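Trainee: Basically the numbering used here = 1-based index in the sequence shown + 287.
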Amino acid sequence: VIVTKTASNPFNLVHADLRHLESTISLLLQSTVPKLSQISNYYINNSGKRIRPTILLLLSKATSKSHLVSPSQRKLGEITEMIHAASLLHDDVIDNSSTRRNIPSTPTAFGNKMSILAGDYLLAQACILLASLNNTDVVKIMSTVIANLVEGEILQLSSRTTDFSIYLEKTYLKTASLISLASKAAMIVDSRSEEVIHAAEEFGKNLGIAFQLIDDMLDFSNFDLGKPSNADLKLGLATAPALFAYEEFPELGPLISRGFGEPGDVELATNLVLTSQGISKTKELARKYIDRAKIAISSFEGSPAKDGLDEICELVLNREK
Ligand code: FPP
Ligand code: MG
Ligand code: MG
Numbered sequence: 288v289i290v291t292k293t294a295s296n297p298f299n300l301v302h303a304d305l306r307h308l309e310s311t312i313s314l315l316l317q318s319t320v321p322k323l324s325q326i327s328n329y330y331i332n333n334s335g336k337r338i339r340p341t342i343l344l345l346l347s348k349a350t351s352k353s354h355l356v357s358p359s360q361r362k363l364g365e366i367t368e369m370i371h372a373a374s375l376l377h378d379d380v381i382d383n384s385s386t387r388r389n390i391p392s393t394p395t396a397f398g399n400k401m402s403i404l405a406g407d408y409l410l411a412q413a414c415i416l417l418a419s420l421n422n423t424d425v426v427k428i429m430s431t432v433i434a435n436l437v438e439g440e441i442l443q444l445s446s447r448t449t450d451f452s453i454y455l456e457k458t459y460l461k462t463a464s465l466i467s468l469a470s471k472a473a474m475i476v477d478s479r480s481e482e483v484i485h486a487a488e489e490f491g492k493n494l495g496i497a498f499q500l501i502d503d504m505l506d507f508s509n510f511d512l513g514k515p516s517n518a519d520l521k522l523g524l525a526t527a528p529a530l531f532a533y534e535e536f537p538e539l540g541p542l543i544s545r546g547f548g549e550p551g552d553v554e555l556a557t558n559l560v561l562t563s564q565g566i567s568k569t570k571e572l573a574r575k576y577i578d579r580a581k582i583a584i585s586s587f588e589g590s591p592a593k594d595g596l597d598e599i600c601e602l603v604l605n606r607e608k
């Protein structure tokens, strides 16, 4: 027997499930209007990390006696990836972003109107799939996610604040809510105990916040992210690295308040952030959330899927894209 090291890669544990997910979503996005199928499938086909469905699949396996994923749990993975893709179609319009995953963004390739409408279509198809679960509690949970995404985005657009708690609230709404509540729903549809439901929700919440902290940190890096970097300050956004830098350099306060809107603001703020402990403090904070995520699932019985969840935590923390 050859034991391959790659078997420990969490994504390999769900490789076949992810291929199935991709083809199912593509079928669901077939429209009598070919253009719509093309645009709504554009990010789905150009494989991202698939981190959200991977988490749901591993949580499902880790908490099942048979280590099997139920059809409803699969559907929730598909719904989650579709909501995520819809939010990216809208996000790249809002952020006026030219590339994603190393290809032209949907607004660049098809225009803003097409991008928005294809996002709406993705959401609608996700809702049809959600309804097919015949579970009104889960419909409420996943609809709350959609509301939270919009709340997070509006909070981000409307608050130029140095208040870290508002930044964390926004981060929960725009990123962690989807991972957390979808994880919760995946446990509910297959009748897990209250304890396990709560553990999955906490895991997703803490992992989701860590994920966005690292995203905000990487925006200050020179790594090839497959999307524009050094973008947040230009968008007027003060994320964790800038908020930590503000604690050391109070002169950042007025720049944050005016959304880095005056000539030279972005350059000055970038220099102050890179001179400060902002980057390392952001990573330390992400580590704390990662540790909380691991503690949330620490009572799960040992299994390859559980190990996979622990590994995803480390990958999220140490990723470079
Ligand atoms: C990416 O963040 C975007 C999100 C996490 C959520 C965006 C949500 C909306 C646009 C609200 C509309 C929602 C739906 C469901 C249609 P980012 O811009 O910080 O990251 P990026 O660098 O990957 O663009
Ligand atoms: Mg955005
Ligand atoms: Mg964006």
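Just so you know, even glycine gets a beta-carbon here, dropped at the ideal spot from N, CA and C. Since the model is a prediction, treat every value here as computed from it, not as a measurement.
#1: Identify which residue in 365, 361, 367 and 402 has its Cα closest to the Cα of residue 380.
#2: Ordered along the chain, which non-local residues of its own chain (more than five positions away) have a Cβ less than 6 Å from that of residue 413?
#3: Take residue 433 as the anchor and find which of 448, 319 and 460 has the nearest alpha-carbon.
#4: I want to check one thing, is the minimum distance from the CB of residue 433 to the heavy atoms of ligand 2 below 7 Å?
#5: Determine the contact status of residue 345 and residue 595, defining contact as a CB-CB distance below 8 Å.
#6: Looking at the unbroken alpha helix (DSSP H) that takes in residue 438, where does it start and where does it end?
#7: Given a cut-off of 8 Å, decide if residue 581 and residue 587 are closer than it, judged by their beta-carbon atoms.
#8: For residue 357, which option in 472, 397 and 583 has the closest C-alpha, if you only look at C-alpha atoms?
#9: Between which residues of its own chain and residue 451 is the CB-CB distance below 6 Å, once the five residues before and five after are set aside?
#10: Unbroken alpha helix (DSSP H) runs of length 4 or more, entirely within the segment 311–382: which are they?
#11: Touch check for the segment 440–451 and the segment 462–472: three-plus C-beta pairs under 8 Å?
#12: Do you know how far the Cα of residue 406 is from the Cα of residue 330?
Mentor: On the basis of the data shown:
#1: Reading the sequence shown from its first residue, position 93 is the one you call residue 380. Checked all of 365, 361, 367 and 402; the closest Cα to residue 380 is 402.
#2: For the purposes of this step, residue 413 is identified with residue 126 of the sequence shown, where counting begins at 1. Same-chain partners within the cutoff: 366, 369 and 370.
#3: Stepping through the sequence shown from its first residue, residue 433 is reached at position 146. The candidate whose alpha carbon is nearest that of residue 433 is 460.
#4: In the sequence shown, residue 433 corresponds to position 146, counting from 1. The answer is no for residue 433.
#5: Here the question's residue 345 lines up with position 58 in the sequence shown. Here the question's residue 595 lines up with position 308 in the sequence shown. When the beta-carbon positions are compared, residue 345 and residue 595 come within less than 8 Å of each other.
#6: Counted from its first residue, the sequence shown places residue 438 at position 151. First-last of the alpha helix (DSSP H) with residue 438: 423–445.
#7: Taking the sequence shown and counting its residues from 1, one reaches residue 587 at position 300. Taking the sequence shown and counting its residues from 1, one reaches residue 581 at position 294. The answer is no: Cβ separation not under 8 Å.
#8: Here residue 357 is taken as the residue at index 70 of the sequence shown, counted from 1. If we check each option's Cα against that of residue 357, 472 comes out closest.
#9: Position 164 of the sequence shown, counted from the start, is the residue given in the question as residue 451. Excluding sequence neighbours, residue 451 sits near 530.
#10: Qualifying alpha helix (DSSP H) stretches, in chain order: 321–332, 338–349 and 358–381.
#11: no
#12: For the purposes of this step, residue 330 is taken as residue 43 along the sequence shown, with counting starting at 1. For the purposes of this step, residue 406 is taken as residue 119 along the sequence shown, with counting starting at 1. Cα to Cα, residue 330 sits roughly 11 Å from residue 406.
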